[in-house]
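Residue numbers (the numbering used here), protein chains in the order written: chain B, 1 to 152; chain H, 1001 to 1121; chain X, 2001 to 2497.
Put into structure tokens, the structure is as follows:
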């Protein structure tokens, strides 16, 4: 039994209006992560919050095709792999794991580290958002169905 | 006595929260309430780390452009805040796994009260 | 192997497992049957890498790996010395054999959920290697929580009771992790550092202060619950019994042992200069808790009727042996404890794999119903069970005898006679509950018409070969224990004092 859309028109319209604003604010928090409060985990949680808000207000039937559970599971794994790939990129340029100072992004060492951290935070945000969405999808189903899922 | 509470009010609040968390875990019979108690305990300990970071008359640890030399006593210690981000993520994942287990328990036993589940075993 | 790649060996091993878990999720969604071979492949490559890394460490000395290029004590470092390299090899090798064994039994016990099972199993093994390798106390907390969360997830799928046992384990384990964090906060407030070697240098200056003592107490209590030292072991019997065979076989030999290894590192390498290894009361409390665990675990195991539950209580007793060795603080005690970590990993893995074979082919592992028909149908599995049981009791030339011998020498060296008595009594008790099984399987005649089920014969090769490899390994480890002690274990003691 999929959750149906809210019957209240105000709820549906407000959710549709607020969700993109939340996502833009989440991007703001993500990009400011490495020198002010914020970062990948916080931005990812806010993106997931916007998706869950839409699921609650508009119902699963409308929102599932946009970001389905399968996409969410793959996205979570992909985000973690982006993190590990950027960290492992440092091996190629002679540093230890996560040593962004060695990857040639720019001339200044602190800017190199800043860009490395930003890439990592993007991976973390993707992983967090998709993981929390997948968790909500899993837990939001009615008890007693016990169907097989093929993802985490 | 009042001076003690006034000076250390943050530590007293954290001890009260730890007590609330333990009471929830041990004293309540519903599994969800036990989970909430555990979550309160984790939050109390995260707050304890943040209390450790505080310095008197210090400001947030963001350096304005052009300020040099940087005096460490003027900035709050940012390390516990960064560590507690990780701890908060761990707490969130623990809650997620716990709720997934609770959903499975409900499917298997039909109830979330511990004494009713123990009767069914 | 390219030497510059080996310089990164410690982090590469952890990365292999964590990256492998993520790829397992991606690949397994395409084709469900790919999950187990991928897991075995990743674990196999990690085992090879750890063997090369061990060879390098023995040749060139310990390696301290600074993550992110930040030098310790500011950055996080990984310590790759002979002891941790050796334990990483043990973890990877034992997990490899258990995962190979899981190919048949995982789809049968938990159909449809192989992909999440093997992905979470890879994360578990990665976390175990991380606990052994890390040199930073907060990084240790993160890896301990990775291992614990993966354990809750793995032990929660299986029978009808498993989510409940896993939930109880979760609440207790998270409380333990919170205690560890609380203790770490107190120590960080007083010393300002989280690095293990740096803390060892600073601790003598602050060792008398109350916050430091309270912090150390909280840390030890938290780690003791994760290691299931008596009386903080209450989660273990239910959690291990109700999990599926491969999950228990993966977690039981390794999970509590890495927590014990964390306690060992903490007591000997961090506390040692300030408090003296073996100085009361930390050493005495841990040693006597270990002795109580040994006696209590053996008594409870004797009264169990189901094989898996009996093995779980026996695990409580074995953890007691290692805790006793750590608490003694003497040279032989430490050697006996680390040797017992290695031996117990092989013994318990072998026993739980045999339990999996039994459950698959005979349909149950309920002890009163076992009879000689089991011996006739599964001769090789029962032979491996015999070798492992003899090793658990502690008879030469199996590996178990030598680790108990070193522990006994340690108690004599430290002059603690009650602990020696506890060791001997438990050996007798172990003999009781294992010989009971021997008597049923080898001496009792088969009941007539007992099998309403068709005889399924011996376990298939993919399940039988890992079991037999463990049994042979126990004999090899026993006969070759002198080499192991002199190459890997004696240098630790030299590094401690």
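The C-beta atom is built at its ideal place from N, Cα and C for all residues, glycine as well.
- Taking all protein chains in view, the Cβ of residue 2344 of chain X is crowded by 16 or more other Cβ atoms within 10 Å, so the residue is classified as buried.
- Cα atoms of residue 1021 of chain H and residue 2169 of chain X: separation of roughly 17 Å, rounded to the nearest angstrom.
- Contact of residue 29 of chain B with chain H by beta-carbon distance below 8 Å is absent, the smallest such distance being about 13 Å.
- Apart from sequence neighbours up to five positions away, the residues of its chain that approach residue 48 of chain B with a beta-carbon distance below 6 Å are 129, 132 and 133, ordered along the chain.
- Residue 83 of chain B is a Cβ neighbour of residue 120 of chain B, given a cutoff of 8 Å.
- The beta-carbon separation of residue 2222 of chain X and residue 2179 of chain X, rounded to 4 Å, stays under the 8 Å limit for a contact.
- Around the beta carbon of residue 8 of chain B, fewer than 16 other beta carbons lie within 10 angstroms, which makes this residue exposed.
- Beyond the five residues adjoining it in sequence on each side, residue 16 of chain B comes within less than 8 Å, by CB distance, of 54, 57 and 58 in the same chain, given in chain order.
- Taking the Cβ atoms as the reference, residue 1101 of chain H lies roughly 11 Å from residue 1032 of chain H, outside the contact range of under 8 Å.
- DSSP, reduced to helix, strand and coil, places residue 2134 of chain X within a strand of the structure shown.
- Annotation: Cβ neighbours of residue 95 of chain B in chain X (cutoff 9 Å, chain order): 2068 and 2069.
- Among the residues facing chain B, residue 1071 of chain H is not included, as its CB has no counterpart in that chain under 8 Å away.
- Between the beta-carbon of residue 2290 of chain X and that of residue 2321 of chain X there is about 7 Å, and that keeps the pair under the 8 Å contact cut.
- In this structure, DSSP gives residue 2078 of chain X an extended state, which the three-state scheme calls strand.
- Against chain B, the CB of residue 2022 of chain X has a partner CB under 8 Å away; the residue lies at that interface.
- Interface flag for residue 74 of chain B against chain X is set, since a Cβ pair is found closer than 8 Å.
- No Cβ of chain X is located within less than 8 Å of the beta carbon of residue 1005 of chain H.
- The stretch 2179-2189 of chain X makes contact with the stretch 2216-2235 of chain X; the number of CB pairs closer than 8 Å reaches 3 or more.
- Counting only the Cα atoms, residue 2284 of chain X lies some 14 Å from residue 2230 of chain X.
- Residue 2059 of chain X carries a helical assignment under DSSP once its states are collapsed to helix, strand and coil.
- Going by beta carbons, residue 2236 of chain X and residue 2326 of chain X fall outside the 8 Å limit.
- At the C-beta level, residue 2459 of chain X and residue 2381 of chain X come within 8 Å of one another.
- Considering only beta carbons, the part of the stretch 1033-1056 of chain H lying closer than 7 Å to chain X consists of 1034, 1038, 1041, 1042, 1045, 1048, 1049 and 1052, in chain order.
- Contact fails between the stretch 2010-2018 of chain X and the stretch 2029-2040 of chain X, because fewer than three Cβ pairs, one in each stretch, are under 8 Å apart.
- Residues of chain H whose Cβ lies closer than 8 Å to the Cβ of residue 2189 of chain X are, in chain order, 1052.
- With contacts defined by Cβ atoms closer than 8 Å, residue 2211 of chain X and residue 2189 of chain X form a contacting pair.
- The C-beta distance from residue 2317 of chain X to residue 2297 of chain X rounds to 3 Å, short enough to meet the 8 Å contact threshold.
- Within chain H, no residue has its CB atom less than 7 Å from the CB of residue 81 of chain B, the nearest being about 18 Å off.
- Per the DSSP secondary-structure output, residue 2064 of chain X pairs in a beta bridge with X:2079.
- Membership of residue 1011 of chain H in the alpha helix (DSSP H) is indicated by the continuous run 1009-1027.
- Considered as a whole, the stretch 1031-1101 of chain H harbours 1031-1052 as its complete alpha helix (DSSP H) runs of no fewer than 4 residues, in chain order.
- DSSP places residue 2007 of chain X outside both helix and strand once states are collapsed to three, so it counts as coil.
- Cβ neighbours of residue 2166 of chain X within its own chain (closer than 7 Å, five residues either side excluded): 2152, 2155, 2156 and 2239.
- Contact between the stretch 2066-2074 of chain X and the stretch 2120-2133 of chain X is absent: fewer than three C-beta pairs spanning the two stretches fall below 8 Å.
- For residue 55 of chain B, the enclosing alpha helix (DSSP H) stretches over residues 40-58.
- Take the alpha-carbon of residue 2332 of chain X and the one of residue 2410 of chain X: they are about 4 Å apart.
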